[in-house]
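Asks: The structure is given below, and queries will be raised subsequently.
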Amino acid sequence: NAGVTQTPKFQVLKTGQSMTLQCAQDMNHEYMSWYRQDPGMGLRLIHYSVGAGITDQGEVPNGYNVSRSTTEDFPLRLLSAAPSQTSVYFCASSYSKGAKQYFGPGTRLTVT
Amino acid sequence: GQQLNQSPQSMFIQEGEDVSMNCTSSSIFNTWLWYKQDPGEGPVLLIALYKAGELTSNGRLTAQFGITRKDSFLNISASIPSDVGIYFCAGQEPSGNEKLTFGTGTRLTIIP
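From first to last, the protein sequence lines are chains A and B. For the first sequence, the working numbering assigns the number 112 to the last residue and increments by one with no breaks. For the second sequence, the working numbering assigns the number 112 to the last residue and increments by one with no breaks.
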């Protein structure tokens with residue numbers, strides 16, 4: 001198993017540009033989530049999904065969209081990037097109710 | 001929302017020393033998780049705790065689920081250089097969903 005994979009590893013955007021961060025898992029996990037990590041603030045939940053076709057907002061959802069068309073994939077979309085979205089983004093997955101979330105390697109995003 | 005206080009924020013120790021860190025929450029959790037993050041990587045799950053009072057070990061690491069269900073502790077015995085990194089606690093609320101709340105992390109540095 002590859003576990004949780006994320007692409008790209010690094011990305012630089014200009015203010016106003018859009019992009020999609022990709023996340024995939026091959027563990028047949030129902031639950032997937034996106035976090036952002038900023039210095040001194042730990043990880044904050046952006047959006048999560050409890051299964052294909054079902055998504056919900058986390059703690060800091062503004063400026064981000066998600067969809068879950070398959071069990072394996074959970075992309076995160078930035079429609080109009082802002083400098084405040086400069087951060088490291090982590091995708092995670094878990095088998096429903098287990099609470100053991102497994103993290104991807106992260107995407108480091110810089111918005112200028 | 002749920003708040004997690006993790007302490008200390010940073011630790012500077014010598015190789016061979018024991019390490020203790022803890023997390024406290026403003027309300028009850030059903031599950032406590034401890035993660036370690038190496039530079040440029042995603043968090044890796046170390047220990048999961050599911051019952052108040054539970055004490056679980058993983059090699060030189062021992063974690064406990066506090067009996068009040070509002071705190072958890074992680075101890076590392078006889079530290080070695082590869083223990084360097086950031087340690088995060090995370091808790092799951094008893095609401096039935098999969099959302100985790102993360103602490104702000106403890107950065108462990110080993111002084112030569």
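The beta-carbon is built from N, C-alpha and C at its ideal position, and this holds for glycine as well. Remember, it's a predicted structure, so these values are computed and weren't measured experimentally.
Taking only beta-carbon positions, decide if B/L100 is within less than 8 Å of chain A.
Replies: Chain A, which has a Cβ nearer than 8 Å to the Cβ of B/L100, makes this yes.
Asks: Mind pulling the beta strand (DSSP E) runs of 3 or more residues that sit fully within the segment 41-70 of chain B?
Replies: Correct list: 44-49, 55-58, 61-65.
Asks: Report the option in A/V12, A/T107, A/D73, A/L109 whose CA atom is closest to the CA atom of A/Q27.
Replies: Looking at the sequence provided, one finds Met at residue 27 of chain A rather than Gln. Among A/V12, A/T107, A/D73, A/L109, the Cα nearest to that of A/M27 belongs to A/D73.
Asks: Can you have a look at A/M41 and say buried or exposed, based on whether 16 or more other CB atoms are within 10 angstroms of its CB?
Replies: A/M41 comes out exposed.
Asks: For a quick check, are the C-beta atoms of A/K14 and A/T86 less than 8 Å apart?
Replies: No, the Cβ-Cβ distance between A/K14 and A/T86 is not below 8 Å.
Asks: Quick one: give me the first and last residue of the beta strand (DSSP E) that B/F102 is part of.
Replies: Run containing B/F102: 100-102, per the beta strand (DSSP E) assignment.
Asks: DSSP state of A/D26, grouped into three classes?
Replies: Of the three classes helix, strand and coil, the one that applies to A/D26 here is coil, per DSSP.
Asks: Against chain A, does B/P39 count as a neighbour if the rule is that its beta carbon must be under 8 Å from one of theirs?
Replies: No, B/P39 does not count as interfacial toward chain A.
Asks: Check the Cβ of A/L76 against every Cβ in chain B and list those closer than 8 Å, keeping chain order.
Replies: What A/L76 touches in chain B: nothing, since even the nearest Cβ is about 15 Å away.
Asks: With DSSP run on the structure shown, which of helix, strand or coil describes A/Q6?
Replies: Strand, per DSSP.
Asks: Starting from the beta carbon of B/G105, find every residue of chain A whose beta carbon is closer than 7 Å, and list them in chain order.
Replies: Those are G42, listed as they occur along chain A.
Asks: Taking C-beta pairs closer than 9 Å, name the residues in chain A that B/F88 reaches, listed in chain order.
Replies: Correct list: G42, L43.
Asks: Please identify the residue among B/S7, B/C89, B/F12 whose C-alpha is closest to the C-alpha of B/D80.
Replies: According to the sequence displayed, residue 80 of chain B carries Ile and not Asp. Answer by Cα proximity: B/F12.
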